[in-house]
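For the sequence shown, the UniProt record's numbering gives the first residue as 1, with consecutive numbering after it.
Cβ coordinates follow ideal geometry from the N, Cα and C atoms, glycine included.
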Amino acid sequence: MASFVTEVLASSGKLEKEDLSSKISKMSRKVEDTKEEVCDMINKKYGDFLPSLQGSEELMVQVDEVSKEMDALKNCIENEVQQNIHVAMAEYAKLKQQLEKNTVIITMLGHLKEFHNAMEEFSKALLEKKYVEAANQLGRARANMHSLKGLKSSQLPLLSALSSELTVQRENLIYHLGDEWKRLVIWKLPSSKEPAGLKSFLKVELNLTYVCSKDGETKPPALLCCVLQALAIQGDLQNKIKLFSQVLLKNMLKPLVMFPSLSVRVTEQQGEGTILALQCLENSKEERSTPSQVYSKLLLVLQTLHSHLLDVSIGDKKLSAILGEIIWTEISQCIIHDCLLYSIPTNSSQLEKYNTVIRETEEFEKSLKEMQYLQGDSTDLLKYARDVNCHFASKKCKDVIVAARKLMTSKMHNTVKIAPQSKLRLPKLPAPSSAVKQESTKEITIENAKQLSVWSLCLPACRISESVQQLMELALNTLCEAVGSSTPCALQLFFTVRNIFQLFHDVVPTYHKENLLKFPHLAAIQHNNCMYLAHHLLTLGHHFGAHLPQPLSDGVATFVDMVPGFRKLGAQCFLAQMNVQRAELLERLSTAHNFCNLDDEDNYIAASKAVRQVIHQLKQLGTVWQDVLPVSIYCKAMGNLLNTAITEVIAKIMMLEVCLFSQPFHSYIMVVISLWDMFSAFRLISPTEIT
């Protein structure tokens, strides 16, 4: 026991020189020995009942000494070993940092090696015209460049030099690809200074070289495929195809649509290529191409391009699909506005024939889908062709409004005679539906057997503008087009007719305002025009209503609401002219010096001149209005003006009543004669005409 304590005490000052692990193992063995002895003693004491006080005391001392030795060892570990641990951790962190730096350097060297190898392979592939391989190697070099830029310890001057080299080689590749493209796809275009026209487009040619393979099969050459795929890898293909599509649209596709005399000539040159050129058809005198002609010409161009240029896969898409996405919207709008718009029928009887155009449009789009120019089921072009009823109605309405406005702004003095027996030349309409027909065939019995005169509700004899008669015929023809048309088309046409009359109500009085006030002849014609239109608008809707689709046949098709407006318009126009004439009569009579002192020569001459002017005005109006206005309106108008003149003369004479007997009698003989002449001026119509 003494030797154990002595060894522990002797070794307590030499921990710095001995191995810590060996000391800990020795301590462990001593603890185990003590444990065995204690357990043996406890076992003997309580198991074998062999008490030994002396042995117990020695063991207690031994335990205390071991505990002290353990505390001393613990203090040693905390003071010295813990300090050594911090030093070791610092050294480990430094080694780790150095390792990371070395790893980064090795990685950078690896990327530099890959970049160098990629650029070497790129140069080799470019010399051998392996453009796809060159583009891939350039992409590989670009990827390594991006990786180098991501490393923190990369040297900026080195990266700048590598980036410049990469840019130079990329531009070099694009230049070679563009040069190859120009040799494979050659455009011959007219000079930019030359005005665009048919003659300039005849100079357009597209030469596709090297298009035939060795086995004679027509397909895009391998070199062209490599060029296009390399352009796609470099991201420049979209721009190249966009430029090509712009030239194709401007110089070949659009001219083929707009000029009916242009056609395409495709020439195959063995071993050299294919030439697409525009040529002029000598026998073509049409102003617009038919849809079938346009479709056949465009298909010839697009099929040739597909066979010799565009049948190349770029990723998961064909090159023809890329071109189609760029050009389709513009070329379809060109076909619509320069071809289909003019092919729409002008008569409803021709609508059935338009089904041929719809089928041709469907076949055209089907061919484009087979070549992958088009994607999807329906396009604006086909929708436009199928909506022919709406377009027919729109075109018809537009043409009708333009024609109506032209008639309204034409000269009004060209007139035609309208007699009471004159009737509108109403077209023969198809039989109405059975319900309407039964209602119309019901017998109507009246209590009074006395019938109205044949001339009842007839328009009196007068003259109207020839343009108004043509306007009414235009309205009748438009309503005939509405009969048998689809409901949307019929509605549009019917309300276009209403717009025609509303336009007349608004435009004519404004457009001819000065002339209607200046010329009494035109005012009378405008009055008759309005009454003529109002007269026929009463029954126009009734004549067509039963033959139009619903809801027009349910009473919507009517023009009766417009009748009061036209009657008021005609009356206002003529009353305005009457006021002008009345003012002129009064102004002329105002120069008669109130018929006072007619013995004076100057007064006599002034009064005589005023009376002659009034008589001349009345005769002139009678000449102008007699054959234009209805007899009753003419008589009322002339009587009103004559009454105005006579009333004014009598009023002036009554003012002279005070001095009447002081004046010589012969002075007023002239006044009586003047009144008689005014009455005579009204006798321009025979009594039979008045009655």
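Can you tell me the Cα-Cα spacing of F544 and V402, whole angstroms?
Numbered from its first residue, the sequence shown carries residue 544 at position 544. Numbered from its first residue, the sequence shown carries residue 402 at position 402. When rounded, the separation of the alpha-carbon atoms in F544 and V402 is 23 Å.
The alpha helix (DSSP H) that contains Q421, what's its start and end?
Position 421 of the sequence shown holds residue 421. Per DSSP, Q421 belongs to no alpha helix (DSSP H) and is neither H nor E.
Could you check where the alpha helix (DSSP H) with K240 kicks off and where it finishes?
Against the sequence shown, residue 240 aligns to sequence position 240. That run of the alpha helix (DSSP H) goes L237 to L248.
How is Q469 classed by DSSP in three states: helix, strand or coil?
Your numbering for residue 469 matches position 469 in the sequence shown. DSSP places Q469 in helix when its eight states are reduced to three.
Would you give the residue range spanned by the beta strand (DSSP E) that T409 belongs to?
Here residue 409 is taken as the residue at index 409 of the sequence shown, counted from 1. For T409, there is no enclosing beta strand (DSSP E), as DSSP marks it with neither H nor E.
C-alpha distance - A141 paired with A222, whole-angstrom precision
On the sequence shown, residue 141 is found 141 positions in, with the first residue counted as 1. On the sequence shown, residue 222 is found 222 positions in, with the first residue counted as 1. C-alpha separation (whole angstroms): 25 Å.
How many Å lie between R29 and H111 at the Cα?
Residue numbering aside, residue 29 sits at position 29 when the sequence shown is read from its first letter. Residue numbering aside, residue 111 sits at position 111 when the sequence shown is read from its first letter. Cα-Cα distance, rounded: 58 Å.
7 Å Cβ shell around V266 - same chain, five flanking residues per side excluded:
In the sequence shown, counting from the first residue as 1, residue 266 sits at position 266. Within its own chain, the residues whose Cβ lies closer than 7 Å to the Cβ of V266, once the five positions on either side in sequence are excluded, are T274, L276, L300 and T304, listed in chain order.
Using only the alpha-carbon positions, how far apart do K396 and V628 sit?
On the sequence shown, position 396 is the one that residue 396 refers to. On the sequence shown, position 628 is the one that residue 628 refers to. Approximately 34 Å, taken between the alpha carbons.
Give the straight-line distance between the Cα atoms of Q421 and M258, rounded to the nearest whole angstrom.
Residue mapping note: residue 421 aligns to position 421 of the sequence shown, counting from 1. Residue mapping note: residue 258 aligns to position 258 of the sequence shown, counting from 1. Their Cα atoms are separated by approximately 52 Å.
Whole-angstrom distance between Q350 and S313, CA atom to CA atom
In the sequence shown, counting from the first residue as 1, residue 313 sits at position 313. In the sequence shown, counting from the first residue as 1, residue 350 sits at position 350. C-alpha separation (whole angstroms): 45 Å.
Under the assumption that L177 contacts V247 (Cβ atoms under 8 Å), give the Cβ distance between them as a whole number of angstroms.
For the purposes of this step, residue 177 is identified with residue 177 of the sequence shown, where counting begins at 1. For the purposes of this step, residue 247 is identified with residue 247 of the sequence shown, where counting begins at 1. Incorrect: roughly 18 Å between the Cβ atoms, too far for contact.
Limits of the beta strand (DSSP E) - the one that G639 falls within:
Within the sequence shown, residue 639 is the residue found at index 639, counting from 1. In the DSSP assignment, G639 falls outside any beta strand (DSSP E) and lies within the alpha helix (DSSP H) extending over V631 to M655.
On the CB-based measure, 16 or more other CB atoms within 10 Å of its CB, does Y384 come out buried or exposed?
Here residue 384 is taken as the residue at index 384 of the sequence shown, counted from 1. The residue in question, Y384, is buried, as its Cβ has 16 or more Cβ neighbours within 10 Å.
Are any of the Cβ atoms in chain C nearer than 9 Å to that of Q577?
As a matter of chain content, chain C is missing from the structure shown, which is built from one protein chain.
Is the beta carbon of V649 sitting closer than 9 Å to the one on H521?
As a first step, residue 649 is located in the sequence shown; it is residue number 649 there, counting from the start. As a first step, residue 521 is located in the sequence shown; it is residue number 521 there, counting from the start. Not a contact, by the Cβ cut-off of 9 Å.
Member of N347, Y175, K26 and E514 whose CA lies at the smallest distance from the CA of T478
On the sequence shown, residue 478 is found 478 positions in, with the first residue counted as 1. Ranking N347, Y175, K26 and E514 by Cα distance to T478 puts N347 first.
Can the beta-carbon of N640 be found closer than 9 Å to that of R588?
Residue 640 sits at position 640 when you count from the first residue of the sequence shown. Residue 588 sits at position 588 when you count from the first residue of the sequence shown. No, the Cβ-Cβ distance between N640 and R588 is not below 9 Å.
Comparing C-alpha positions only, which one of I241, T167 and L302 sits nearest to L253?
Counting from one through the sequence shown, the residue named residue 253 turns up at place 253. L253 has its Cα closest to that of L302, out of I241, T167 and L302.
Is V264 helix, strand or coil by DSSP?
Stepping through the sequence shown from its first residue, residue 264 is reached at position 264. In the structure shown, V264 falls within a strand segment according to DSSP collapsed to helix, strand and coil.
The segment 520 to 537 / the segment 563 to 574 touching (three or more Cβ pairs under 8 Å)
With a cut-off of 8 Å, the segment 563 to 574 and the segment 520 to 537 count as touching, because enough Cβ pairs lie within range.
What are the residues that DSSP puts in a beta bridge with R463?
On the sequence shown, residue 463 is found 463 positions in, with the first residue counted as 1. R463 is bridged to K417.
Quick one: residues in its chain with C-beta nearer than 8 Å to the C-beta of V294, no 5 flanking neighbours on either side, listed in chain order?
Taking the first residue of the sequence shown as position 1, residue 294 is located at position 294. Residues L256, V257, I335 and C339 of the same chain have their beta carbon placed closer than 8 Å to that of V294, with the five preceding and five following residues left out of the count.
Secondary structure of I314, DSSP reduced to three states
Locating residue 314 in the sequence shown gives position 314, counting from the first residue. Strand.
Please return the same chain residues whose Cβ sits closer than 6 Å to the Cβ of C458, not counting the five positions on each side in sequence.
Working through the sequence shown from its first residue, we reach residue 458 at position 458. Contacts found: P420.
Rounded Cβ spacing between residue 695 and S465 (contact assumed at less than 8 Å)
Since the first and last residues shown for the chain are 1 and 691, residue 695 lies out of range.
Exposed or buried, what is T356 when buried is set at 16 or more other beta-carbons lying within 10 Å of its beta-carbon?
What you label residue 356 is simply residue 356 of the sequence shown in a count that begins at 1. Under the 10 Å beta carbon count, T356 is surrounded by fewer than 16 other beta carbons and is classified as exposed.
Could you tell me whether the Cβ atoms of S320 and H308 are closer together than 9 Å?
Position 320 of the sequence shown, counting from 1, holds the residue named residue 320. Position 308 of the sequence shown, counting from 1, holds the residue named residue 308. With a cutoff of 9 Å on beta-carbon distance, S320 and H308 are scored as not near each other.
Let's see if you can read the secondary structure: which residues bound the alpha helix (DSSP H) around T623?
In the sequence shown, the residue the question calls residue 623 occupies position 623. In the DSSP assignment, T623 falls within the alpha helix (DSSP H) that extends over E601 to Q626.
Cut-off 7 Å between Cβ atoms - residues of its own chain near W181, not counting five sequence neighbours on either side
Reading the sequence shown from its first residue, position 181 is the one you call residue 181. Same-chain partners within the cutoff: V227 and K240.
Ordered along the chain, which non-local residues of its own chain (more than five positions away) have a Cβ less than 8 Å from that of S343?
Within the sequence shown, the letter at position 343 stands for residue 343. Within the same chain, R288, T290, P291, Y354 and V357 come within 8 Å of S343 by CB-CB distance, once the 5 residues on both sides are set aside.
Please classify residue 702 as buried or exposed, where buried requires at least 16 other C-beta atoms within 10 Å of its C-beta.
Look at the range of the chain in this structure, 1 to 691, and you will see that residue 702 is not part of it.
How about L310 and K317: are their beta carbons less than 9 Å apart?
On the sequence shown, residue 310 is found 310 positions in, with the first residue counted as 1. On the sequence shown, residue 317 is found 317 positions in, with the first residue counted as 1. Not in contact: L310 and K317 (Cβ atoms no closer than 9 Å).
Do A134 and L198 have their beta-carbon atoms positioned less than 9 Å apart in this structure?
Walking along the sequence shown from the start, residue 198 turns up at place 198. Walking along the sequence shown from the start, residue 134 turns up at place 134. No; because the gap between Cβ atoms is not below 9 Å, this pair is not in contact.
With distances taken between CB atoms, is the gap from L151 to M119 smaller than 9 Å?
Translated into positions along the sequence shown, residue 151 becomes position 151. Translated into positions along the sequence shown, residue 119 becomes position 119. Their beta carbons are not under 9 Å apart, which means L151 does not touch M119 by this criterion.
Starting from L319, trace the beta strand (DSSP E) in both directions and tell me its first and last residue.
As a first step, residue 319 is located in the sequence shown; it is residue number 319 there, counting from the start. Under the DSSP assignment, L319 falls outside any beta strand (DSSP E), being part of the alpha helix (DSSP H) whose first and last residues are L319 to I335.
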